[in-house]
Every structure is written in structure tokens, then in C-alpha cells.
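For the sequence shown, counting from 1, position 238 maps to 238 in the UniProt record's numbering; every step adds exactly one.
C-beta: ideal position from N, C-alpha, C; glycine also.
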Amino acid sequence: MVTGAAGFIGSHLAHALVQAGAVVIGVDRRDPATDRTAAANLSVLRGLPGYMHVTADLLSCAIDPLLVDANAVFHLAGIPGVRPSWGPRFGEYVASNVLATHRVMDAVTRMGVPRLVAASSSSVYGPTDGGASVETDRPQPASPYAVTKLAEEQLCLAHSTQAHCPTSVVALRYFTVYGPRQRPDMFTHRALTAALTGQPLRLYGDGHQRRDFTYIDDAVAATIAAGTLPTASGVINVGGGSSASLLDVINIANSLAGREIQVHQENPRSGDVLTTRANPGRAHEVLGWQPQVDIHNGMRAHMQALAAESAAYGRAA
Ligand code: NAD
Ligand code: UGA
1 MVTGAAGFIG SHLAHALVQA GAVVIGVDRR DPATDRTAAA NLSVLRGLPG
51 YMHVTADLLS CAIDPLLVDA NAVFHLAGIP GVRPSWGPRF GEYVASNVLA
101 THRVMDAVTR MGVPRLVAAS SSSVYGPTDG GASVETDRPQ PASPYAVTKL
151 AEEQLCLAHS TQAHCPTSVV ALRYFTVYGP RQRPDMFTHR ALTAALTGQP
201 LRLYGDGHQR RDFTYIDDAV AATIAAGTLP TASGVINVGG GSSASLLDVI
251 NIANSLAGRE IQVHQENPRS GDVLTTRANP GRAHEVLGWQ PQVDIHNGMR
301 AHMQALAAES AAYGRAA
């Protein structure tokens, strides 16, 4: 089962699992019949015999029947995004990231599912001195979102340590994932869209923030390894190994598009950290995983996908 299957990472993961021969049930509360983003994300899965989609909210739906014979749950459903979590939507973050996760863990425990992979976040580390974060570092979440992701991963691990729980948990701390179908609120999507369309880009701060950008196919490969390797458990960083600043991303977008993005600088946003960087040792050791796609090739693929989408949209309009 893949939760959050109508989302960015979940739809890529479900597709890769089906292509590898798995039978997948995807669950998401966004209905592809009425939600254009969900429909677009799920279009690669439409009609594939190994895929069944269920529109349901994990806060209220009956989860057990979806788990009959499941050998892994990939729990990607959640409310993402650092900056909006300070606002009135915080209740939704708590509901989907913490309360729904508690329901999912109760269900996998009852149904005897052997493995659950939870989507945690690099944001749990909070501010760093610029060095690489190791899974044993003390988390210092700097935003309400990051607090819910830390609660989510620790909740999953707490369930799994109960004597009667048959489920081993791997919580993956993804570092800023980008690539085709990335959420439109994220920076890489916005920079590439600005480069393609000529519309201005809003830059929060001076652009010296650095991220360990992770290409979607690499994130998916790590996630599948976490769900299928018999010995994996605990918390694991998934960082793309491409440390780049926002100014680097703008420069790459400019050179891919052959035009200069117009940048409008604004104040830095609350809860944003200056640098994220993953220590990759545990992912390599436990998952046998290392990233394959650097930021230049990843952004090229991301831009090609955005250009193809806008051409298809132009044809449809
Ligand atoms: P996304 O918003 O594209 O996908 C999340 C999906 O979860 C959405 O389709 C949403 O409808 C669904 N969902 C939310 N609450 C639900 C509920 N109660 N019941 C059923 N479905 C529900 O986000 P994404 O970027 O694909 O992120 C997926 C996960 O990975 C999230 O948990 C996010 O916190 C985590 N994460 C993402 C990144 C990143 O860079 N994208 C980095 C770190 C962690
Ligand atoms: C991303 C995801 O959005 C989170 O869901 C995820 O948990 C997190 O990665 C993670 O790695 O754990 P973030 O790193 O903030 O969070 O990624 P973006 O939303 O792409 O923002 C990156 C930087 O660009 C931030 O400094 C942000 O302030 C800046 N930004 C973003 C802008 O300057 N302008 C924009 O229009 C958008």
C-alpha cells in the first residue's frame, strides 16, 4: 500500500513499484475526479493492471481491509511544506501527519504487516552549522511542520517497539526532493517555471540557503530499498548529494532556458533553515543506496517535464 499516492513522491513510488511487478493499492484523500493535480499525478498509473486507487481520508477510513495480504506500507500521506505550517492550517498538519499516522500504525499492527516506511523530513534537524547531519544528531525542528514530522517518525518507531507489534519501521528523512510533478509551492518548480515563462520569481532571503537536493528517482529507489530489504529499520537520511544554493538553482535554470529569471527578493521566511546536508553513511550501509542523479541532470529532466506539460496544456486549452 502506498499512502499519499496522488501526491508528488507517492505517485512516482507507486508507478515504480508497479513497474517492478508489485501489486499496489494507492490511497489518497484527493479525488482525481475533482482535483486536477491528483489526476495529473495519477495519469501514469491509470489503467495499469497492478494498480488500484482508493480515494479515502486516513483520518476516518477503514484501513484494515486495505491491508489484507500487504507486505509493506509506504506511508507518504501527509501535509508537507515548511512555511504555511505557521498559519491556520496547523491543525491539518497535526491531523494528517500525526493523528492519521497513529491510525495507520494501529492498522498495520493489527493486520500483521511486516514493514512500514514513513516519510520523514530533513527539516527535523533544524539549524545546523553547515556540516552534514547524522541520524544520531539531536533534532531541533524549527517550524511547526518539522515538529509534526519528528512526531510522526517517533510515533511510528514507538509503535514498532511494542512487544505485540510485528511491523519494523524505517523512517526516511528526505532532503528537498525535486523532479517531474514536484509540488508547485517548491523552489525548483518555481525557478524552472519562471525560466520557462518569463514570470518573476520570488526569492525569500538572499538565495544563499543551501539544500541537499534529491532527485525523485533517487528518492524512490531509496524508498523501495527501505520497504523490501529484510534487515532495514530505524531512521535513515535520504539526501541527493547535490549541495546547491538557491542562487545555483537560478543559474542552472537560466542556462537551461537560455534566459535570465527576473528575481524579486523578499524577506526570509520563518522556520526556513540556512543549510541542509545529509550524512549519507547510514543509507549506504543499511539500504545499499546512493544517489545517481546530480542537480544539473535532474533539473534538465525536471525542466523537460514542465515544458512538455505546458505544451500539452496549451494544446488542450
Ligand atoms: P504531496 O502533497 O504531493 O503528497 C502528499 C499526499 O498525501 C497528497 O496527495 C495528500 O492529498 C495526501 N494526504 C494528506 N493527508 C491525507 C490523509 N489524511 N489521508 C489521505 N491522504 C492524505 O507531498 P510530497 O511532496 O509528495 O510529500 C510526500 C511526503 O514526503 C509528505 O509526508 C512530506 O512531508 C514528505 N516529505 C517530502 C519532501 C519533499 O521534498 N517533497 C521532503 C521531506 C519529506
Ligand atoms: C522541502 C519540502 O517542501 C518539505 O515538505 C520537506 O519536508 C523539506 O523539503 C525537507 O527536505 O525535509 P524546503 O527545503 O523548504 O522544504 O524546500 P522548498 O519549499 O523548495 O524551499 C527551498 C528554499 O527556497 C527555502 O529557503 C524557501 O524559502 C525558498 N523559496 C521557496 C523561495 O525563495 N521562493 C519560493 O517561491 C519558494
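Apart from the 5 residues on each side of it in sequence, A14 sits with its Cβ closer than 7 Å to the Cβ of V2, A5, V24, G26, L45, Y51 in its chain, given in chain order.
According to the DSSP assignment, M1 belongs to no alpha helix (DSSP H), since it is labelled neither H nor E. Not one heavy atom of the ligand UGA is found less than 8 Å from the C-beta of Y215. Listed in chain order, the non-local C-beta contacts of L306 below 8 Å within the same chain comprise P180, H189, L192, T193, L196, local neighbours out to five positions each way being set aside. Separation of the CB atoms of N279 and V117 is rounded to 20 Å, and the pair is thereby denied contact status at 8 Å. Its Cα nearest to that of V238, the residue L287 stands out among L287, R202, G205. The beta-carbon separation of L59 and I9, rounded to 20 Å, does not stay under the 8 Å limit for a contact. Between the ligand NAD and the CB of L76, the shortest heavy atom gap is smaller than 8 Å. Distance from the C-beta of Y204 to the nearest heavy atom of the ligand UGA is below 8 Å. Between T128 and the set L274, A308, E309, the nearest pair of CA atoms involves L274. In the DSSP assignment, V170 is bridged to V117, G234. Counting along the chain, H284 sits inside no beta strand (DSSP E), nor does DSSP assign it H or E at all. Here the distance from the Cβ of Q182 to the nearest heavy atom of the ligand NAD is below 8 Å.
Straight across, the Cα-Cα distance linking E153 with A312 is about 39 Å.
By the neighbour-count criterion, in which a residue is buried when 16 or more other Cβ atoms sit within 10 angstroms of its Cβ, Q199 is exposed. Beta bridge pairing from DSSP links G26 with V2, H53. Short note on R173: C-beta closer than 8 Å to some heavy atom of the ligand NAD. Per DSSP, Y125 lies in no alpha helix (DSSP H) and is assigned neither H nor E. Cβ-Cβ distances below 6 Å link V147 to P141 in the same chain, with the five nearest sequence neighbours on each side left out; the list follows chain order.
For D248, the closest alpha carbon among the candidates P291, E285, M299, R269 is that of M299.
If the five residues before and after C165 are omitted, its C-beta is found closer than 7 Å to the C-beta atoms of T109, H159, all from its own chain and listed in chain order.
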